[in-house]
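Asks:
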Amino acid sequence: MFGSRVMIIRQFLSWAGTAAPAERAEATAALARAFLHSPMSEAERGDCQAALTYLLDDPAPEVRFALADVFARREDAPRPVVLALARDTALVAAPILEFSPLVPDCDLIDLAAEGSDTVQCAIARRRNLSAPVAAALAEVAGPEACAVLLDNPDAVIVSFSLSRLAERFADDAAVRSRLLARPGLPLTIRHTLLTALTDGLKAQALVLAGEALPESAETYLEEARERATIVLAAGATDAELEGLVEHLRARGQLTARLMLRAAGMGRLRVLSACLSALCGQPQARVADLLATGRAGALRSLLMATGLPQRTVAVFQLMVEAYRAADCSFLQDQPPATTRAVMEGVSAGLEEMAVSGGVEDVFALMRVLVLDAAREEARLLVNTELLAAA
Numbered sequence: 001m002f003g004s005r006v007m008i009i010r011q012f013l014s015w016a017g018t019a020a021p022a023e024r025a026e027a028t029a030a031l032a033r034a035f036l037h038s039p040m041s042e043a044e045r046g047d048c049q050a051a052l053t054y055l056l057d058d059p060a061p062e063v064r065f066a067l068a069d070v071f072a073r074r075e076d077a078p079r080p081v082v083l084a085l086a087r088d089t090a091l092v093a094a095p096i097l098e099f100s101p102l103v104p105d106c107d108l109i110d111l112a113a114e115g116s117d118t119v120q121c122a123i124a125r126r127r128n129l130s131a132p133v134a135a136a137l138a139e140v141a142g143p144e145a146c147a148v149l150l151d152n153p154d155a156v157i158v159s160f161s162l163s164r165l166a167e168r169f170a171d172d173a174a175v176r177s178r179l180l181a182r183p184g185l186p187l188t189i190r191h192t193l194l195t196a197l198t199d200g201l202k203a204q205a206l207v208l209a210g211e212a213l214p215e216s217a218e219t220y221l222e223e224a225r226e227r228a229t230i231v232l233a234a235g236a237t238d239a240e241l242e243g244l245v246e247h248l249r250a251r252g253q254l255t256a257r258l259m260l261r262a263a264g265m266g267r268l269r270v271l272s273a274c275l276s277a278l279c280g281q282p283q284a285r286v287a288d289l290l291a292t293g294r295a296g297a298l299r300s301l302l303m304a305t306g307l308p309q310r311t312v313a314v315f316q317l318m319v320e321a322y323r324a325a326d327c328s329f330l331q332d333q334p335p336a337t338t339r340a341v342m343e344g345v346s347a348g349l350e351e352m353a354v355s356g357g358v359e360d361v362f363a364l365m366r367v368l369v370l371d372a373a374r375e376e377a378r379l380l381v382n383t384e385l386l387a388a389a
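The sequence shown: position 279 = 279 (my numbering), numbered continuously.
1. How close, in whole Å, do the beta carbons of A138 and R164 come, if the pair is a contact with beta carbons under 8 Å?
2. Leaving out the 5 sequence neighbours to the left and right, which residues in its chain are closer than 7 Å to V140 when beta-carbon positions are compared?
3. Alpha carbon to alpha carbon, what distance is there between A273 and L248?
4. Could you give the residue range of the alpha helix (DSSP H) that holds T292?
5. Rounded to the nearest angstrom, how far is the Cβ of V63 from that of R24, given a contact under 8 Å?
6. On the criterion of 16 or more Cβ atoms from any shown chain inside 10 Å, does T219 qualify as buried, or is it exposed?
7. Provide the residue span of the alpha helix (DSSP H) that contains M303, from first to last.
8. With burial defined as no fewer than 16 other Cβ atoms inside 10 Å of the residue's Cβ, what is the status of L271: buried or exposed?
9. Taking buried to mean at least 16 other C-beta atoms within 10 Å of its own C-beta, is L179 buried or exposed?
10. Cα separation between Q11 and A22?
11. What does a CB cutoff of less than 7 Å around A373 pick up in its chain, not counting 5 residues either side in sequence?
12. Hey, E350 and V369: beta-carbon distance below 8 Å or not?
13. Please confirm if the stretch 23-38 is in contact with the stretch 53-68, defined as three or more CB-CB distances below 8 Å between the two stretches.
14. Helix, strand or coil: which one does DSSP assign to R182?
15. Please classify V341 as buried or exposed, where buried requires at least 16 other C-beta atoms within 10 Å of its C-beta.
16. Among the residues of its own chain, which have a CB less than 7 Å from the CB of T195, if the five just before and after it don't count?
17. Under the rule that 16 or more other beta-carbon atoms within 10 Å means buried, what is P153, buried or exposed?
18. For a test of your reading of the model: does the CB of R374 fall under 7 Å from any non-hydrogen atom of the ligand SAH? Yes or no.
19. P61 and L91 - do their beta-carbons sit closer together than 8 Å?
20. Alpha carbon to alpha carbon, how far is V381 from E375?
21. Just the C-alpha distance for G280 and L290, rounded to the nearest angstrom, thanks.
22. If you reduce the DSSP assignment to three classes, tell me which class I109 lands in.
23. What residue from L258, Y322, L330 and G293 has the CA that sits closest to P308's CA?
24. Would you decide whether Y322 is buried or exposed? Buried here means 16 or more other CB atoms lie within 10 Å of its CB.
25. Would you decide whether G252 is buried or exposed? Buried here means 16 or more other CB atoms lie within 10 Å of its CB.
26. Round the Cβ separation of L83 and A93 to the nearest angstrom and send it over; I've been treating them as touching at under 8 Å.
27. Leaving aside the five residues before and after L379 along the sequence, list all residues of the same chain whose C-beta is less than 7 Å from its C-beta, in chain order.
28. Please specify which runs of the beta strand (DSSP E), each continuous and at least 3 residues long, are wholly inside the stretch 92-138, giving them in chain order.
29. Locate the alpha helix (DSSP H) running through A277, then write down its first and last residues.
30. Using the C-alpha atoms, what's the distance from D171 back to T305?
31. Since A72 and P95 are thought to touch, with beta carbons under 8 Å apart, how far apart are those beta carbons, to the nearest angstrom?
32. Could you give the C-beta distance for V361 and T311, rounded to a whole number, given that I count them as a contact under 8 Å?
33. Please return the same chain residues whose Cβ sits closer than 6 Å to the Cβ of A16, not counting the five positions on each side in sequence.
34. Which residue's Cα is closest to the Cα of R74: L56, L97 and D57?
35. In its own chain, which residues sit with a C-beta less than 6 Å from the C-beta of L102, not counting the 5 before and 5 after it?
This is the structure we're talking about:
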């Protein structure tokens, strides 16, 4: 294969018609490198690109892969050839989809929707992956590709896409763990994952039991979810807390039981935020009514939230106990204060329990009193251990 480059290309094509696939692949890679690195006239370059285009129809995938391997990272590769390779079989297309700067986002979005797991994973690994492409993957890709997407530090993944990933793959351990490990993950998404995890544990326990889930097990899982929800809320900024409370309200999870638990854990900021969302008044106004409002105003506030009638008196008792301890309803309270308040509330509830109608609430209060005592003990022990260290 000597003489002019045009003759070399023509002889190459003639030879390629009878050569073995491995030989064709090796020669194809050499021709592709020559296109990139050898000085050529415009006519010679045109003939060379025509030969490369012809090779796109080679029946051997290793020949087409040779083209993809050489051109994948090059901005000066022939664009029509690269775009054709991007729509080849998954094996051939993968390096182009992962590395080529010549494939536009519109093509990547289409291929994400149409492609196999291999294609989707290749797209998910791209450097500087744009938000629209990441959103397309979050919407249509399988769990493997979505896990790869979350592992990509260069991918721009907006909150809506993270939310879609949580909705689609909350039951997938690989995706869920990556979402939970993501810094700055919105609390609403964390709660979605938490809820799905609890539901999954319930389903697993039901399978293991082989019959209806024991009430004690279901109660334990529900309590664990409530505690975790309140811990999430307590660590939130004011804006995050408002968003999380609205998320809970929209999902029907802003319950009297959850708010009783918040109060029982000393999370008064969370309690006032929940009541604010239910009654439609600003949190600062609600907190002021809780702290200083007369009995009638307090009862009107609680009734306006739509709380069950039988729990209103319990909330009033808890609010009055925190008032007596001079607590702000815009701040969470320390374990010692919470424990003392809850013991007083429990004593007051004994008379109410005797009159009937609040037995389940009284049972919850006993649990909360014990939890408050344990939390205070943990804090005391940890403080002593730190002092002794």
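Quick reminder that beta carbons are idealized off the backbone N, C-alpha and C, glycines included.
Replies: The relevant details are as follows:
1. 5 Å
2. A112 and A113
3. 12 Å
4. Q283 to T292
5. 5 Å
6. exposed
7. A295 to A304
8. buried
9. buried
10. 18 Å
11. R339
12. no
13. yes
14. coil
15. buried
16. So the qualifying residues of the chain are R225.
17. exposed
18. Absent from the structure shown: the ligand SAH. Ligands present: none.
19. yes
20. Roughly 10 Å between the two C-alpha positions.
21. 15 Å
22. helix
23. L258
24. buried
25. exposed
26. The pair is not a contact, with the Cβ atoms about 10 Å apart (cut-off 8 Å).
27. P335
28. none
29. L268 to C279
30. 33 Å
31. 4 Å
32. 6 Å
33. R24
34. L97
35. R79 and V82
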